[in-house]
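**Student:** For reference, the structure I am asking about is given below.
Residue numbers (this note's numbering): 508 to 907.
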């Protein structure tokens, strides 16, 4: 206990925690700005090529942070430290905010915004006081994912040489036979994660977001940007350039420059097919498991629902290599038939990406009116039938 307490009370431990939290805070705020603004332009405005911009905005999720960091530092060798890590993690992580907020904006009823405008509120005031309040649960879920992702990231901070928890933990494991410092720092990282999850739950509040008034819900009207078309396209194009353009251009440049390695087309094709297959299985399994957790977190706000929802975020705060090693140990000791098999890899994807799916499901179900479910039950539908034909249908389509 003595050595562990000594490591915990070191000034370097406190400094490391502050550095990691500062990086997480800056990246989270930047992702909120990029994610919310991009979602609003893609869903609510008449910016040209909205569907294309929506696809481009989600593409950074397909670029690992270590690949993006390598591409950026190859193009700009002086980019390192806090600024470099914050830039790379922001452009790689903002889709975690964009996707749930875009889904929430598709399902909001325009009545509240129209009432605010009829009472004299300006368009900007309506956006900040009405629209943002309606998408707050989705934005909070996305922000939580970003913060946990930044704390768990190892690739970007290691390549860009910024001392965060994961980089120092890895260096401690590699440089010494004494694993105590690394174990203590790992426990501190888990503690910080728990505090962030609890803080997000408190800021979310218990207020409902579903529409309960009379009448039929309508789809929101498209906002005509007029003279703001140019700035909107420039904003979306600038984000796409930083998030996708620079990494793709840098990697293409080095690929064309390299002649030392002969690429095996057959091996690349097999790897691509395997990647698509495992990705599809991981997405399917993650979605199937996220639906009951998201519904339970919204419709049954008890201790069990909160515990299940918050437990899903634990894996998102751990570096991928830690999850992989834990599952390898599990496969060797307790599930040998699954060792080095596809199901174990799919399980790893579920652990890492379940929080993103739960956040999206929770935000959608929160906007599904409970009254519709009560009516369906009164007409004889079973709970499973209500979930399938009312809750999930409304969550996907927005308007019944």
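Beta carbons: idealized from backbone N, C-alpha and C, even for Gly.
#1: Tell me which residues share the same chain as residue 983 and place their Cβ nearer than 6 Å to its Cβ, disregarding the 5 neighbours each side in the sequence.
#2: I'd like the ranges of any alpha helix (DSSP H) spanning at least 4 consecutive residues and lying wholly in the stretch 606-651.
#3: Pair every Cβ in the stretch 525-532 with every Cβ in the stretch 661-674, then say whether three or more of these pairs are closer than 8 Å.
#4: I'd like to confirm the pairing. Which residues does DSSP put opposite residue 868 in its beta bridges?
#5: Can you tell me the Cα-Cα spacing of residue 894 and residue 838, whole angstroms?
#6: For residue 477, which residues of its own chain have a beta-carbon under 7 Å away from its beta-carbon, when the five flanking residues on both sides are left out?
#7: Just mark residue 887 as buried or exposed, buried being the case when its beta carbon has 16 or more other beta carbons within 10 Å.
#8: Could you pull the DSSP bridge partners for residue 552 from this structure?
#9: Report the residue from 575, 544 and 628 whose alpha carbon sits nearest the alpha carbon of residue 756.
#10: Ignore the nearest five residues each way along the sequence and tell me which others in residue 632's own chain have a CB closer than 8 Å to its CB.
#11: So residue 579 and residue 591 are supposed to be a Cβ contact under 8 Å. How far apart are they, rounded?
#12: According to DSSP, is residue 577 part of a helix, a strand, or is it coil?
#13: From residue 816 to residue 863, what distance separates their C-alpha atoms?
#14: Give every residue of the same chain whose Cβ lies closer than 7 Å to the Cβ of residue 852, excluding the five residues on either side of it in the sequence, and list them in chain order.
#15: Are the Cβ atoms of residue 704 and residue 645 separated by less than 7 Å?
#16: Report the option in 775, 793, 538 and 845 whose CA atom is closest to the CA atom of residue 605.
#17: Mind checking which residues open and close the alpha helix (DSSP H) that includes residue 597?
**Tutor:** The answer reads as follows:
#1: The shown model of the chain, from 508 to 907, leaves out residue 983, and the question about it has no answer.
#2: Here the runs fully enclosed are 618-625 and 630-633.
#3: Flag = yes, the stretch 525-532 and the stretch 661-674 touch.
#4: For the purposes of this step, residue 868 is identified with residue 361 of the chain shown, where counting begins at 1. According to DSSP, which records beta bridges pairwise, residue 868 is partnered with nothing at all.
#5: The residue you call residue 894 lines up with position 387 of the chain shown. The residue you call residue 838 lines up with position 331 of the chain shown. Roughly 35 Å separates the two Cα atoms.
#6: Here the chain comprises residues numbered 508 to 907, so residue 477 is not present and cannot be evaluated.
#7: In the chain shown, counting from the first residue as 1, residue 887 sits at position 380. Result: exposed.
#8: By one-based count along the chain shown, residue 552 stands at place 45. Beta-bridge pairing links residue 552 to 730.
#9: Taking the first residue of the chain shown as 1, we reach residue 756 at position 249. In terms of Cα proximity to residue 756, the closest of 575, 544 and 628 is 575.
#10: Within the chain shown, the letter at position 125 stands for residue 632. The beta carbon of residue 632 sits closer than 8 Å to the beta carbons of 623 from its chain, once the five residues preceding and following it are set aside; these are given in chain order.
#11: Your numbering for residue 579 matches position 72 in the chain shown. Your numbering for residue 591 matches position 84 in the chain shown. Indeed they touch by this definition, with Cβ atoms about 7 Å apart.
#12: For the purposes of this step, residue 577 is identified with residue 70 of the chain shown, where counting begins at 1. Helix.
#13: Here residue 816 is taken as the residue at index 309 of the chain shown, counted from 1. Here residue 863 is taken as the residue at index 356 of the chain shown, counted from 1. If I take the Cα positions, the gap works out to 11 Å.
#14: Locating residue 852 in the chain shown gives position 345, counting from the first residue. Closer than 7 Å at the Cβ level, and outside the excluded window around residue 852, lie 785.
#15: Walking along the chain shown from the start, residue 704 turns up at place 197. Walking along the chain shown from the start, residue 645 turns up at place 138. Pairing residue 704 with residue 645 gives a Cβ-Cβ distance that is not under 7 Å.
#16: Here residue 605 is taken as the residue at index 98 of the chain shown, counted from 1. Nearest option by C-alpha distance: 538.
#17: For the purposes of this step, residue 597 is taken as the residue at position 90 of the chain shown. Looking at the DSSP string, the run of the alpha helix (DSSP H) that includes residue 597 is 588-600.
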